[in-house]
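Working notes, structure below.
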Amino acid sequence: MKALITGGCGFIGSNAARLLHSRGYGVTVLDNLSRPGAEDNLDWLRRSMDVDFIKADVRQPEVMCDVVQAGRFDLIIHLAAQVAVTTSVIDPRHDFETNALGTLNVLEAVRLHSRETIVLNASTNKVYGGLPDLTLREEESRYVMLEGCGVAEDRRLDFHSPYGCSKGAADQYVADYARIYGLKTVNFRQSCIYGPRQFGMEDQGWVAWFTIAHQLGHPITVYGNGKQVRDLLYVDDLVECYLRAVDNIGKASGKSFNVGGGPANVLSILELFRWIEEFSGRAVEYSRADWRPGDQLLFVSDIRRAESGLGWRPGTAVHAGVRQLYDWVAANLDLFRLDRDLSRSAVS
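Numbered according to the numbering used here, the sequence shown spans residues 1016 to 1363.
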């Protein structure tokens, strides 16, 4: 089996490459190396395993056609993206070109040159919008949903923010290319993914960002009251879900799955701070700022479709997973002391 991972030098991409390689896949990673940490992850991949690397940008349709036609991949995991809501508000055109047009370029390359290739798309919980109708209770350290098992896939889509629009458009193109062209495509509407090799920043990757900032003594800003809740999913569990979809592609093709830690693995910002204090023995100091546009008070994935349809469920308890991330950051602080912009973050 041959796999192409777009955005393969990112956090999820580098971990996906590691796990696919361990399962016997021939792995090619494609990345434009624009994100902080990408070159470090590429160096790590090259030292750790035999992978092919292509420096390219998914916004280039001819390049994507050439890569797909030459590679004849069995599997494409499409992770390349602009990943921050705040950045999308500042530069919505770049956000659209990367997320919506970039995804279309991948799909078109497969349609034109490799129609048997399975395409797994990393979508987002942001396709459901701000969720203002959820019935919540505000407690001392978190918001709590009063009914249901989380947000399910049959919930009405409600794109909020340029990022939500671009990722939502990509999500719908992925689903439609299965329906109209018969391609083998699957959407994963991901909640908060975390784990080693995550170079979190203030506008994306909040668990990693707060962990890194505390250990380095960087200023920490909390947008809103810190009681925002997400369900957290350890990155290895996410990749395992990808592989379950490949194994069950006959049932999974054309479908969208909400993928997160589910109700058993939820955490707020304030609760994360308590754990970081537990791990470090030091108080987390932070300032407050206004709420950010498009920030959900609570998102918890209803993961029952993935459980029943793919035979998958999270395997890493959230406290143990956050501890593993904390320990990885502590063991690799030199990576974060380099001259890079790690100065911005909150819940994504």
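Glycine included, each C-beta is placed from N, C-alpha and C at the ideal position.
Put simply, of 1240, 1097, 1218, 1191 the residue whose alpha carbon is nearest the alpha carbon of residue 1303 is 1240. Of the candidates 1247, 1323, 1180, the residue whose Cα lies closest to the Cα of residue 1315 is 1247.
When secondary structure is reduced to three states using DSSP, residue 1259 falls in the helix class. For residue 1274, the three-state secondary structure derived from DSSP is strand.
Linking residue 1136 to residue 1269 through their CA atoms gives a straight-line distance of about 11 Å. Residue 1071 places its beta carbon 8 Å or farther from that of residue 1083.
Around the beta carbon of residue 1306, a 10 Å sphere encloses fewer than 16 other beta carbons of the protein chains shown; the residue is thus reported as exposed.
Buried is the label assigned to residue 1204, since at least 16 other Cβ atoms lie within 10 Å of its Cβ.
Comparing alpha-carbon positions, the option among 1113, 1039, 1076, 1125 lying closest to residue 1022 turns out to be 1113.
Distance from the CA atom of residue 1224 to the CA atom of residue 1284, rounded to whole angstroms, is 11 Å.
Ranking 1017, 1200, 1333, 1172 by CA distance to the CA of residue 1291 puts 1333 first. For residue 1053, the enclosing alpha helix (DSSP H) begins and ends at 1053–1063. The continuous beta strand (DSSP E) containing residue 1069 extends over residues 1067–1070.
Taking all protein chains in view, the Cβ of residue 1231 is surrounded by fewer than 16 other Cβ atoms within 10 Å, so the residue is classified as exposed. Annotation for residue 1105: the continuous alpha helix (DSSP H) segment containing it runs 1100–1105.
Of the candidates 1352, 1331, 1064, the residue whose Cα lies closest to the Cα of residue 1208 is 1331. Just so you know, the alpha carbons of residue 1018 and residue 1153 end up roughly 44 Å apart.
Residue 1033 and residue 1045 have their alpha carbons spaced roughly 14 Å apart.
Relative to the Cα of residue 1133, the nearest Cα in the group 1352, 1188, 1092, 1148 belongs to 1092.
As computed with DSSP, residue 1245 is found in a beta bridge with 1282, 1314. Exclusion of the five residues before and after residue 1076 leaves 1120, 1123 as the residues of its chain whose Cβ lies within less than 7 Å of its Cβ. A direct Cα-Cα distance of roughly 18 Å separates residue 1351 from residue 1337. Taking C-beta atoms as the reference points, residue 1138 and residue 1186 count as a pair closer than 8 Å.
In the three-state reduction of the DSSP assignment, residue 1330 falls in the coil class, being assigned neither a helical nor a strand state.
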